[in-house]
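As structure tokens, the structure follows; a few thoughts come after it.
There are 2 protein chains.
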Amino acid sequence: MRPRSQQKIAVVLVSGGMDSCVTAAIAARKYSLALLHVNYGQRTEARELKAFHDVADFYGAKQRLVVSLKALEAIGHSSLTDRDIKVSRANLKRKGIPSSYVPFRNAHLLATATSWAEALGASAIFIGAVEEDSSGYPDCRRIFYDAFEKTIAAGTKPGTRIKILTPVIGMKKDEIVKTGVRLKAPLHLTWSCYQSSHKACGVCDSCALRLRGFQRAGMKDPLPYAKRPLYR
Amino acid sequence: MRPRSQQKIAVVLVSGGMDSCVTAAIAARKYSLALLHVNYGQRTEARELKAFHDVADFYGAKQRLVVSLKALEAIGHSSLTDRDIKVSRANLKRKGIPSSYVPFRNAHLLATATSWAEALGASAIFIGAVEEDSSGYPDCRRIFYDAFEKTIAAGTKPGTRIKILTPVIGMKKDEIVKTGVRLKAPLHLTWSCYQSSHKACGVCDSCALRLRGFQRAGMKDPLPYAKRPLYR
Numbered sequence: 001m002r003p004r005s006q007q008k009i010a011v012v013l014v015s016g017g018m019d020s021c022v023t024a025a026i027a028a029r030k031y032s033l034a035l036l037h038v039n040y041g042q043r044t045e046a047r048e049l050k051a052f053h054d055v056a057d058f059y060g061a062k063q064r065l066v067v068s069l070k071a072l073e074a075i076g077h078s079s080l081t082d083r084d085i086k087v088s089r090a091n092l093k094r095k096g097i098p099s100s101y102v103p104f105r106n107a108h109l110l111a112t113a114t115s116w117a118e119a120l121g122a123s124a125i126f127i128g129a130v131e132e133d134s135s136g137y138p139d140c141r142r143i144f145y146d147a148f149e150k151t152i153a154a155g156t157k158p159g160t161r162i163k164i165l166t167p168v169i170g171m172k173k174d175e176i177v178k179t180g181v182r183l184k185a186p187l188h189l190t191w192s193c194y195q196s197s198h199k200a201c202g203v204c205d206s207c208a209l210r211l212r213g214f215q216r217a218g219m220k221d222p223l224p225y226a227k228r229p230l231y232r
Numbered sequence: 001m002r003p004r005s006q007q008k009i010a011v012v013l014v015s016g017g018m019d020s021c022v023t024a025a026i027a028a029r030k031y032s033l034a035l036l037h038v039n040y041g042q043r044t045e046a047r048e049l050k051a052f053h054d055v056a057d058f059y060g061a062k063q064r065l066v067v068s069l070k071a072l073e074a075i076g077h078s079s080l081t082d083r084d085i086k087v088s089r090a091n092l093k094r095k096g097i098p099s100s101y102v103p104f105r106n107a108h109l110l111a112t113a114t115s116w117a118e119a120l121g122a123s124a125i126f127i128g129a130v131e132e133d134s135s136g137y138p139d140c141r142r143i144f145y146d147a148f149e150k151t152i153a154a155g156t157k158p159g160t161r162i163k164i165l166t167p168v169i170g171m172k173k174d175e176i177v178k179t180g181v182r183l184k185a186p187l188h189l190t191w192s193c194y195q196s197s198h199k200a201c202g203v204c205d206s207c208a209l210r211l212r213g214f215q216r217a218g219m220k221d222p223l224p225y226a227k228r229p230l231y232r
């Protein structure tokens, strides 16, 4: 391993959830971490922000940046940001785009990460998107990240080389749990529930995916839950 | 022309400057206008915002949205947003990227426009970027917009069709002035100066490009200027 001062810098998007925590654990093996948290008016933002700082402290991240994307809040159109739209109960068999989809959200996250990466001279952006076992968001697919990487090359200063790394994108949730445990990622510090900040609800899409991941990995999720249904 | 209610919707980015005003004039011929203004901590934001609302009133825009991108302000690294970096005097012969470059700024503008377009069901985004006669920003080139258009197709809901139109991208500033005059665009309501909000300074990059455009078009810029140098 190189001495830390000579390490390349990676901007890692850390929401406070499990996938981005495991992504940070993977990035930390090769890069100096610049951790970025984006608030876009989520119902559970205060809890997610705490998780972000807890994870950043755990990794002793040299640089951290917290920014608000008021635009997504103003545009609304998602149950995550718009109080008039109900968070739907989990239905892991449902096809199509769930009500929690925030239009083109990940492009905002990546634009922010890219501006910061360009300013810092970072060479990589890590994002914990999950394609296979995800909720069906169009901006969680690798084809989206490939297209965005080309957009970065076209829209930044000449000589800028920033790649987008999505190390968990092909993993099922149980593989993410296992990878996190293997890398000693602080899963107990993360937060995934879309609906509640005290005890996780256990029934929103995000809780259901997380709980099913732990159940399939044969492990117990260390977080407190209001309900802990068995998912298949 | 179709009745207004059946017109397609376009999201038009309107900074308050001349290029985006002429772009709005072009969009207004075929689309119902949804005008978007983005504040990212520019020194002259209050004046630009006034220009935006004046232009929106002029066109009777049905929908308008003003959003703040605090992220770009937090990241800084540009004389437009960072008080510690001086706005450089115009040097229209200079090569390279000027100090007013905001890292990857236009990707943030387009991500915001895309989210709003997806929520509104709009079919086009107009942006008044200028490539040929511009200040050399990498995110003002058509290859950047082509790449971003592919990113939109990859990252939005299936069936979403949003094109990015850059009608003035190949124009010189004097052509933009002439086109604006021909379309009766309200150039007297616009604001371009990067440095001052009362009288335009006449010497920053943006003033120099604008003044030269009017001079080459053989017309007088209706705005008040502190200095009105002759540019070649």
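These protein sequences, in sequence, are chains U and B.
Per my numbering, the first sequence starts with residue 1, numbered consecutively.
Per my numbering, the second sequence starts with residue 1, numbered consecutively.
Heads up, the beta-carbon is just placed ideally off N, CA and C, and yes, glycines get one too.
- Asp139 of chain U and Leu110 of chain U have their C-alpha atoms spaced approximately 11 angstroms apart.
- Segment contact: the stretch 32-44 of chain B against the stretch 154-174 of chain B, fewer than three CB-CB distances shorter than 8 angstroms; contact not assigned.
- Among the residues of chain U, none has a CB under 7 angstroms from the CB of Ser15 of chain B; the nearest is roughly 15 angstroms distant.
- In the assembly as shown, Pro222 of chain B is an exposed residue. Its beta-carbon has fewer than 16 other beta-carbons within 10 Å.
- For Phe126 of chain U, the uninterrupted beta strand (DSSP E) segment begins and ends at Ala124 to Phe126.
- The bridge partners DSSP lists for His37 of chain U are U:Val66.
- Between the stretch 170-178 of chain B and the stretch 210-230 of chain U there are fewer than three C-beta pairs closer than 8 angstroms, too few to call the two in contact.
- The beta-bridge partner set that DSSP reports for Leu165 of chain U consists of U:Phe126.
- Within the stretch 168-201 of chain U, the alpha helix (DSSP H) runs of at least 4 residues that lie entirely inside it are, in chain order, 173-182.
- For the pair Ser32 of chain U and Lys62 of chain U, the CB atoms are nearer than the 8 angstroms cut-off.
- The beta carbon of Asp139 of chain U falls within 8 angstroms of a beta carbon belonging to chain B, placing the residue at that interface.
- Fewer than three Cβ pairs drawn from the stretch 178-196 of chain B and the stretch 136-152 of chain B lie within less than 8 angstroms of each other, which leaves the two stretches out of contact.
- Taking a contact to require three or more Cβ pairs closer than 8 angstroms, the stretch 118-134 of chain B and the stretch 202-218 of chain U do not qualify as touching.
- Counting C-beta pairs closer than 8 angstroms gives fewer than three between the stretch 55-69 of chain B and the stretch 52-59 of chain U, which falls short of the contact rule.
- The Cβ of Lys62 of chain B sits no closer than 8 angstroms to any Cβ of chain U.
- For Ile164 of chain B, no chain U residue has a C-beta closer than 7 angstroms to its own C-beta; the minimum C-beta separation is roughly 11 angstroms.
- The three-state reading of DSSP puts Ser15 of chain U in coil, since its state is none of H, G, I, E or B.
- When secondary structure is reduced to three states using DSSP, Ala10 of chain U falls in the strand class.
- Gly218 of chain U and Ala25 of chain U have their C-alpha atoms roughly 21 angstroms apart.
- For Leu49 of chain B, not one C-beta of chain U is nearer than 8 angstroms to its own C-beta.
- One finds Ala154 in chain U with Cβ atoms closer than 8 angstroms to the Cβ of Ile143 of chain B, taken in chain order.
- In this structure Glu175 of chain B does not touch Lys163 of chain B by the C-beta definition: roughly 22 angstroms separates them, more than the 8 angstroms allowed.
- Residues of chain U whose Cβ lies closer than 8 angstroms to the Cβ of Phe104 of chain B are, in chain order, Ala111, Thr114, Ser115, Glu118, Ile152, Gly155 and Thr156.
- Tyr145 of chain U carries a helical assignment under DSSP once its states are collapsed to helix, strand and coil.
- If you ignore the 5 residues before and after Asn39 of chain U, its C-beta comes within less than 6 angstroms of the C-beta of Glu45 and Ser68, all in its own chain and listed in chain order.
- Beta-bridge annotation (DSSP): Tyr225 of chain U is paired with U:Ala200.
- The C-beta of Lys70 of chain U comes closer than 8 angstroms to at least one C-beta of chain B.
- If you draw a 10 Å sphere on the C-beta of Leu13 of chain B, you find 16 or more other C-beta atoms in it, and that means buried.
- Rounded to the nearest whole angstrom, the C-alpha separation of Leu49 of chain U and Thr166 of chain U is 22 angstroms.
- Taking C-beta separations shorter than 7 angstroms and ignoring five residues to either side along the sequence, the partners of Leu187 of chain U in its chain run Met18, Cys21, Gly180 and Pro222, following chain order.
- His108 of chain U reaches chain B at His108, Ala111, Thr112 and Ser115, counting residues in chain order whose Cβ is nearer than 8 angstroms.
- Of the candidates B:Ala119, B:Ala107 and B:Ala124, the residue whose Cα lies closest to the Cα of Ala10 of chain B is B:Ala124.
- At the C-beta level, Ala107 of chain B and Ala34 of chain B stay beyond 8 angstroms of one another.
- Contacts with chain U at 8 angstroms (Cβ-Cβ) include Leu65 of chain B.
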